[in-house]
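Notes to accompany the following structure.
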Amino acid sequence: MRNIEIDPVLAADARPIAPEKLELARSLGSRLPEAGLRRVALIRADSLNRHADPTGSTRLILALENLQITGSFKIRGALSALDAARRAGATGVVAASAGNHGIGVARAARLFGMSATIVVPETAAKAKIAKIRAEGAELAFTAQGYDAAEALGRELASRRGLPWISPYDDVDVLAGNGSSLAFEIVDALGKVPEHVLVPIGGGGLATGMAWGLAASAGEDPRKTRRVWTAQSEASAAFALSLERGSAVEQLATSEKTLADGLEGGISATSFARASSVVAGVSVLAEARIAFAMALIHYRLGLRLEGSAAAALVPAIDGLPPLIRGGDLVIVLTGRNVDRAVFDGLAFEPSSFARLSPECGILVHRSA
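In numbering that gives the first Met the number 0, the protein residues as written are 0 to 366.
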């Protein structure tokens, strides 16, 4: 695991999320009761504390957005953005997604009586594709990864004259995904946590989370940074952008990753927003993401997709010193993983097979 701290002096500045957008995010669930959003559940993860911080000064808390309707936090941003679009007179939308954003947009469109076209990579998880289809959305596919899907999606939106619902650049999505969740975490915890750890791909969750926490604490997130992030080394656009000093909008190569929801580049706008409020990022080996999926399943019976499990890895492998001390909330973002992929972890030497020596869990194998 490689940790990169962001120097606030060097980080790009970006406009804040407007107060009116934050207030809409705060009331998201109550404004749209027909959506059936679940308020986030928090549980303590004391069994992981010794891995995270040997000094014992950090209390780990898990935010279970994997239990959210549609199986992911991204329904929040989709509801927020499509509610804004329908109030502006739109009758349909276009989006691109590795899966979860598409599921959310498809569900929100069905609830609001709107059409939705979702462009996904052919490599997207079958479980996610099935959920999008079940919501009645039109599906289009690209042979390449997420970046190609987004290019086609933007083209379709322009050609059809429909709103483009970006999973990371749309401010209604940012506020819905990250800020609404931040407000619920603060309400459930009864305080603003010292730190929050989230996975990062396009940067929307981290940015929205930072502004929501700051609004709750009466802070400027560009000065008091509470959010740390994690992503796979197989698709580390945010980390590469920090090292280069400018946004890596498209990756030169796209490696296969368990964290498919984090795959792809990061736009210049999103990079400026995220780097101005995030404390840093942990870059993870794929094997450790697989191990985190296995560990949390054995310890707590939770089924996580790789993108969600990425946020657990820094806690398992040892937290960066910058985020030790006090309450650390780890957001488990989703559960939409193909069963074949999840079951296949049992045959990876880096996952289930290592649970016994590392965690005191005995794993039997037949001869």
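Ideal Cβ positions, reconstructed from N, Cα and C, are used throughout, including at glycine.
Could you tell me which residues DSSP pairs with residue i in its beta bridges?
i             : result
valine 119    : Phe140
alanine 94    : Ile117
glutamate 4   : Gly279
proline 198   : Ala229
isoleucine 42 : Leu61
leucine 331   : Leu63
glycine 374   : Since the first residue of the chain shown is 0 and the last is 366, residue 374 is not available in this structure.
Counting only the same chain and skipping the five closest in sequence on each side, list residues whose C-beta sits under 6 Å from that of residue i.
i              : result
glutamine 249  : Asp146 and Gly264
glycine 207    : Leu173, Ala174, Asn176, Gly177 and Ser178
leucine 36     : Gly28
alanine 44     : Leu59 and Leu61
valine 340     : none
glutamate 149  : Ala95
isoleucine 199 : Ala205, Thr228, Gln230 and Phe237
threonine 223  : none
glutamate 193  : Gly325 and Asp326
isoleucine 322 : His194 and Trp227
threonine 141  : Pro120, Ala147, Ala148 and Leu151
Excluding the 5 residues preceding and the 5 following residue i in the sequence, name in chain order all residues of the same chain whose CB lies nearer than 7 Å to its CB.
i             : result
valine 191    : Val185, Leu212, Ser215 and Ala216
leucine 110   : Glu33 and Ala34
glutamate 183 : Arg38 and Val39
Less than 8 Å between C-beta atoms, sequence neighbours within five positions excluded: which residues of the same chain meet that for residue i?
i           : result
leucine 188 : Leu41, Ile60, Asp326 and Val328
leucine 63  : Val39, Ala40, Leu41, Ile42, Leu301 and Leu331
Have a look at residue i and residue j and give me their C-alpha separation to the nearest angstrom.
i              : j              : result
isoleucine 295 : isoleucine 5   : 29 Å
arginine 364   : isoleucine 315 : Caution applies to arginine 364, whose pLDDT of 35 falls short of 50 and renders its modelled position unreliable; the model cannot decide the point.
arginine 132   : arginine 49    : 43 Å
alanine 51     : threonine 252  : 32 Å
arginine 225   : glutamate 134  : 36 Å
arginine 298   : serine 56      : 22 Å
histidine 100  : proline 319    : 29 Å
alanine 84     : alanine 139    : 21 Å
proline 15     : lysine 127     : 32 Å
glutamate 254  : glutamate 285  : 11 Å
Would you call the CB atoms of residue i and residue j closer than 8 Å?
i              : j             : result
glycine 98     : valine 119    : yes
glycine 144    : glutamate 232 : no
alanine 258    : glycine 203   : no
serine 281     : glycine 201   : no
alanine 123    : valine 92     : no
valine 197     : valine 330    : yes
asparagine 65  : glycine 300   : no
leucine 180    : arginine 302  : no
aspartate 171  : alanine 80    : yes
alanine 136    : alanine 107   : no
isoleucine 117 : alanine 105   : yes
methionine 0   : arginine 272  : no
serine 266     : alanine 246   : yes
proline 162    : alanine 77    : no
isoleucine 68  : glycine 279   : no
valine 277     : arginine 221  : no
At least one CB of chain C closer than 8 Å to the CB of residue i: is that the case?
i            : result
arginine 109 : Absent here is chain C; the protein component of the structure consists of one chain.
Can you find a heavy atom of the ligand ADP that lies under 7 Å from the Cβ of residue i?
i           : result
arginine 49 : Looking at this structure, you won't find the ligand ADP or any other ligand, since it has none at all.
Could you check whether the stretch 0-9 touches the stretch 17-26, counting it as contact only if at least three pairs of C-beta atoms, one from each stretch, sit closer than 8 Å?
Judged by Cβ distances under 8 Å, the stretch 0-9 makes no contact with the stretch 17-26, as fewer than three pairs qualify.
Could you say if the stretch 305-314 and the stretch 160-172 meet the contact criterion of at least three C-beta pairs nearer than 8 Å?
No contact exists between the stretch 305-314 and the stretch 160-172.
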